[in-house]
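In what follows, a single structure is set out as C-alpha cells and then discussed.
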Amino acid sequence: MGSTAKDWGVTLLRLWTGYLIASTGYQMVEDGMSLSTLLALKSAPYETWGRLAVTAILTIGGAAMFLGIAIRIAATLTAIATAYFLWEHAGPKILPIINYQPHATIVVLSLIITLLGPGLLNLGSLMKKTK
0 MGSTAKDWGV TLLRLWTGYL IASTGYQMVE DGMSLSTLLA LKSAPYETWG RLAVTAILTI
60 GGAAMFLGIA IRIAATLTAI ATAYFLWEHA GPKILPIINY QPHATIVVLS LIITLLGPGL
120 LNLGSLMKKT K
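Numbering (numbering that gives the first Met the number 0), first residue to last: 0 to 130.
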C-alpha cells in the first residue's frame, strides 16, 4: 500500500483542523472556566451545562483528531458542538456568524473530515467517476 497525495492531504487537513479545534476549545476553557464555575455546576442552568459540554467536546475532540483517535467520531461531535455554539451565539441569521469565523471554519472542516476522512467508510470513492 503506497501513500497518495490525497492521503497526505487528508492527514494535513486532519492535523491542522485538530489543532484549530483544540486551541479554540482551550481558549474557551481559559475564558469561561474557573473554580467557582465548576463549584456552581450543581445548581447551574442547562445553558451552562451546554457551554461546558461544547467546550469539553472541542478541547478533547480537537486533541483526539490531531492525534488520529476516532477521527470521524471526533469530527462529527465537534461539528455538532460548534454548530450548537454558533446557534446559541448567532441564532438563525447568517450575518452574525461572521463574528465567529474560527467556529464557522471548524463546522465546515469537521464536516469535510467526516465525509472524506480516512477509513473504510471514505465517501470519496463514491464521488469518483467510473469509466
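Note that the Cβ used here is the ideal one computed from N, Cα and C, for glycine as well.
Note that the coordinates shown come from a computational prediction; the quantities given were computed from them, not determined experimentally.
Proximal residues to residue i (C-beta, below 7 Å), its chain only, five neighbours per side dropped
{"i": "residue 7", "result": "none"}
{"i": "residue 212", "result": "With the chain running from 0 to 130 in the structure shown, residue 212 is simply not present."}
{"i": "residue 113", "result": "71, 74, 75 and 78"}
{"i": "residue 103", "result": "85 and 96"}
{"i": "residue 88", "result": "99"}
Limits of the unbroken alpha helix (DSSP H) element including residue i
{"i": "residue 103", "result": "100 to 115"}
{"i": "residue 54", "result": "45 to 66"}
{"i": "residue 73", "result": "70 to 89"}
Which listed residue (the options) has its alpha carbon closest to that of residue i
{"i": "residue 99", "options": "63, 76 and 81", "result": "81"}
{"i": "residue 30", "options": "69, 74 and 51", "result": "51"}
{"i": "residue 115", "options": "91, 74 and 97", "result": "74"}
{"i": "residue 106", "options": "43, 17, 10 and 27", "result": "17"}
{"i": "residue 101", "options": "24, 91 and 67", "result": "24"}
Any non-hydrogen atom of the ligand SAM within 8 Å of residue i CB
{"i": "residue 103", "result": "With respect to the ligand SAM, the structure offers nothing, as it holds no ligand at all."}
Neighbourhood of residue i by C-beta distance below 6 Å, restricted to the same chain and skipping five residues each side
{"i": "residue 109", "result": "74, 77 and 78"}
Close beta carbons around residue i, own chain, < 8 Å, minus the five adjacent residues each side
{"i": "residue 28", "result": "54 and 58"}
{"i": "residue 14", "result": "65"}
Query raised in the report: Are at least three pairs of beta-carbons, each pair with one atom in the segment 77 to 93 and one in the segment 43 to 57, less than 8 Å apart?
Result: yes
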